[in-house]
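Presented below is the structure to which this report refers.
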Amino acid sequence: MMTGEQYVESIRKMNMQVYMFGEKVENPVDHPILRPSLNSVRMTYD
89 MMTGEQYVES
99 IRKMNMQVYM
109 FGEKVENPVD
119 HPILRPSLNS
129 VRMTYD
């Protein structure tokens, strides 16, 4: 079982290509619009 922080790091390591509003998001893990959703999932791991 992984912790919330391990979950975030696993997402960070995926190097996903994310596009939002027609533009590439360089760092989706730390993006201010995407981060609240990531934090919600993260809480389920803790």
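Here the sequence shown stands for residues 89 to 134, numbered as in this note's numbering. Think of the CB as a built atom: it goes at the ideal place given N, C-alpha and C, for glycine as much as any other residue.
Report task. Write down every uninterrupted run of the alpha helix (DSSP H) in the stretch 93 to 131 whose length is 4 residues or greater and which is fully enclosed by it, in chain order. Result -> 123 to 131
**Report entry** Residues of its chain near Y95, where Cβ-Cβ distance is below 6 Å and the 5 sequence neighbours each way are ignored
**Finding:** By 1-based counting over the sequence shown, the position of residue 95 is 7. Correct list, in chain order: R130 and Y133.
Query raised in the report: Can the beta-carbon of I99 be found less than 8 Å from the beta-carbon of V113?
Result: Here residue 99 is taken as the residue at index 11 of the sequence shown, counted from 1. Here residue 113 is taken as the residue at index 25 of the sequence shown, counted from 1. Their beta carbons are not under 8 Å apart, which means I99 does not touch V113 by this criterion.
**Report entry** Cβ separation of T108 and I121, assumed to be a contact under 8 Å, to the nearest whole Å
**Finding:** Mapped onto the sequence shown, residue 108 falls at position 20. Mapped onto the sequence shown, residue 121 falls at position 33. The residue you asked about is not Thr; residue 108 is Met in the sequence shown. Indeed they touch by this definition, with Cβ atoms about 7 Å apart.
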